[in-house]
Amino acid sequence: MRKKPIVSAVLLIGIGIIFGVALVSTFNTGGIASAFAADKEIGAKQAPVTLSPQVQALNDAMTSASKSVNATVVNIKVVTESKVDNKQLRDFFKFFGSPEDMPGGGEDGDMQKSEGAGSGVIISSDGYIITNNHVVEQAKDDGITVILSDRKEYKAKLIGRDPLTDLAVIKVEASNLPVAHIGNSDEVVIGEMVIAVGNPLGLNSTVTSGIVSAIGRGALGLNRDRYAVENFIQTDAAINPGNSGGGLFNLRGSLIGINSAIATRTGGYMGYGFAIPANLMKAVALDIIEDGKVDRGYIGISLRPVDEVSAKSLKLDKVAGALVDDIIKDSPAEKAGIEAGDVILELDGKPVNSSNDLQSLVAQRRAGDKVNLKLWRDGKSLSKSVVLKKRDDATVASNEDGVTGSASKEDESTNGTVSFKDLGFTVAPLTEKVKTELNIEDGVLITKVEPYSHASERGLFPGFVIVKAEKQSISKTGQINKIIKDRQGEVLKLQVKSKDGSRLIFLEIPKKS
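Sequence positions in the sequence shown follow my numbering and run 320 to 832.
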């Protein structure tokens, strides 16, 4: 009779073992949840929003473009060298004493290495890569390394640089590389969706999106050279340090710009990024690849933007064009008969809305090329042909981004000091010293300009010499006094000279009640 309880005990132990194994299995596989909570659900059964076909197509276009261009953008690491200068540090510790465990900083004159980073875009399957000049300009001879999206690394050679456009070409020894398709940046429109691809802050292959915020953005002063070519595509796609040299692409996957700069007060992204147009990039890159440098032609003029005041004086229908401030001696412009005061409206049929537009168009052409200009002069249009000339410093055009008088007599022959209080400046007879310095015989000297006055706002400075008012040559202060008095309520065009050259100034003469 004792066998039956023993059998029952054995069966119970066996069942316990089987249940234990099953329980352990559920812990290992996550099945415990289904074992004890088979009816429990977490999360909603479906997404709350159903995308319309149009939105889904836009999303698909964004992801497709990002995937297709990612491999064409590379990471660039740069090693630079600079001389050690510890004089200030030595002077400090000479006075206060040096800590015993302070590491040595090297002797004066020793070369100290530092590292930087940027981005680039592959433009040929055999290894040519476009980037920014400021990314590689300080690189030591063997200090450029390119890292592809698949993490392969290559040493790169600097082929050439163009500081005026902030572009440079480097090359790696490789073949069958993925190549970016270069789009036509002239077709870019405001509001167009774009993606920026680069390596910001060391984050490889980063894609950000936005729209084209503006085109033809210039006069930013990002390049301190007065002959710099600034004609950017502005975007709100996030661009941060390390993005420089990366690509700005449209949703077709075409490269429309090279990311170059940001406008920021913090050093990081604030919603304003700028890219060099692809058409300009292509012209510069081809020049560098063929010759190792840019064989840029130039017209030989100083430019300034047309504003409302100058447009009124010149009788232009709209505020547009590039205003010729001065003509360089023996330049193509002088030979073609272009004059100071002309407004350039078109180049080879392409509209010139601003001075930076003209600079960008000329920068895409080579020395020896013939260009046709449409000008505005004396209230009517005319055409001039100019053959671009080679210049050693590769300058294209200089871009300058500038009432009654109280005299003892109103006679034009008067040549004393005259103050124009309503305009805020004072003129006096020309001194022999100024005549010698500027190599001129006639004119009147501006001796004082009141801060925040109309004259100051329009770009007049003490030391300027007024040589013409409208088309009348000026030799006495009485002349300028009479002209200003006679042109109340109008805009007066002045030609002034200084040590920096000649320029035009437009003043609105207040009308006396």
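Heads up, the beta-carbon is just placed ideally off N, CA and C, and yes, glycines get one too.
| query | result |
| --- | --- |
| Spatial neighbours of A390 in its chain, beta-carbon cut-off 6 Å, leaving aside the 5 residues before and after | S468, P497 |
| Per-residue burial, N503 [other beta carbons within 10 Å of its own, 16 or more giving buried] | exposed |
| Presumed contact (8 Å Cβ cut-off) between V491 and I448, rounded CB distance | 7 Å |
| Through-space distance from Q791 to L826, alpha-carbon basis | 16 Å |
| Spatial distance of L779 from I824 (CA atoms) | 7 Å |
| Contact check, A287 vs Q683, beta carbons under 8 Å | Any property of residue 287 remains undetermined from this structure, which presents the chain solely from 320 to 832. |
| Spatial distance of K359 from F593 (CA atoms) | 53 Å |
| Under 8 Å between C-beta atoms of I620 and D645 | yes |
| Range covered by the alpha helix (DSSP H) that runs through D452 | The sequence as given places Asn at residue 452; Asp does not occur at that position. Where N452 is concerned, the enclosing alpha helix (DSSP H) stretches over 452-455. |
| Residue from G735, N378, N672 whose Cα sits closest to the Cα of V513 | N378 |
| C-beta contact flag for N578 and N562 at 8 Å | yes |
| C-alpha gap between K567 and A515, whole angstroms | According to the sequence shown, residue 567 is Leu rather than Lys. Going from the Cα of L567 to the Cα of A515 covers about 5 Å. |
| Segment limits, alpha helix (DSSP H) that includes L477 | Premise fails: L477 lies in the beta strand (DSSP E), 472-481, not in any alpha helix (DSSP H). |
| Where the beta strand (DSSP E) through P596 begins and ends | 592-596 |
| Nearest-angstrom Cα separation, counted from G462 out to F415 | At F415 the pLDDT is 49, less than 50, meaning the model places this residue with poor confidence; the figure from the coordinates comes in the next sentence. Near 38 Å, if we compare the C-alpha coordinates of G462 and F415. |
| Option nearest K708 by Cα separation, candidates V690, D697, E809 | V690 |
| Cβ pair D761, V786 closer than 8 Å | yes |
| Other residues of its chain near T527: CB distance less than 6 Å, five sequence neighbours each side excluded | A515, A556, A557 |
| Distance cut-off 7 Å: G521 Cβ against heavy atoms of the ligand FMN | With respect to small molecules bound, the structure shown includes none, and the ligand FMN cannot be examined in it. |
| Entirely enclosed beta strand (DSSP E) segments - the region 656-684, minimum 3 residues | 662-666 |
| Three-state secondary structure assigned by DSSP to I558 | coil |
| Y617 vs V681 beta-carbon contact at 8 Å | yes |
| Assigned secondary structure, I824 (DSSP; H/G/I helix, E/B strand, else coil) | strand |
| Local conformation of P497 per DSSP, three classes | coil |
| T766 - partner residues in DSSP beta bridges | The partner list for T766 (beta bridge, DSSP) is empty, contrary to what the question assumes. |
| DSSP three-state assignment for S632, whether helix, strand or coil | helix |
| Given I509 as reference, the closest of P748, Q553, I478, V488 once Cα atoms are compared | Q553 |
| Local Cβ density within 10 Å of P624, reported as buried at 16 or more and exposed below that | buried |
| Cα-Cα separation between V507 and V638, rounded to whole angstroms | 22 Å |
| Through-space distance from N672 to G808, alpha-carbon basis | 27 Å |
| Buried versus exposed call for K654 [16 or more other C-beta atoms within 10 Å across all chains shown] | exposed |
| Opening and closing residue of the beta strand (DSSP E) in which T464 lies | 458-466 |
| G564 vs T450 beta-carbon contact at 8 Å | yes |
| Beta carbon of L486 nearer than 8 Å to that of N518 | no |
| Alpha carbon of N559 to alpha carbon of G529, nearest angstrom | 14 Å |
| Length of the line joining the Cα atoms of A384 and L574 | 11 Å |
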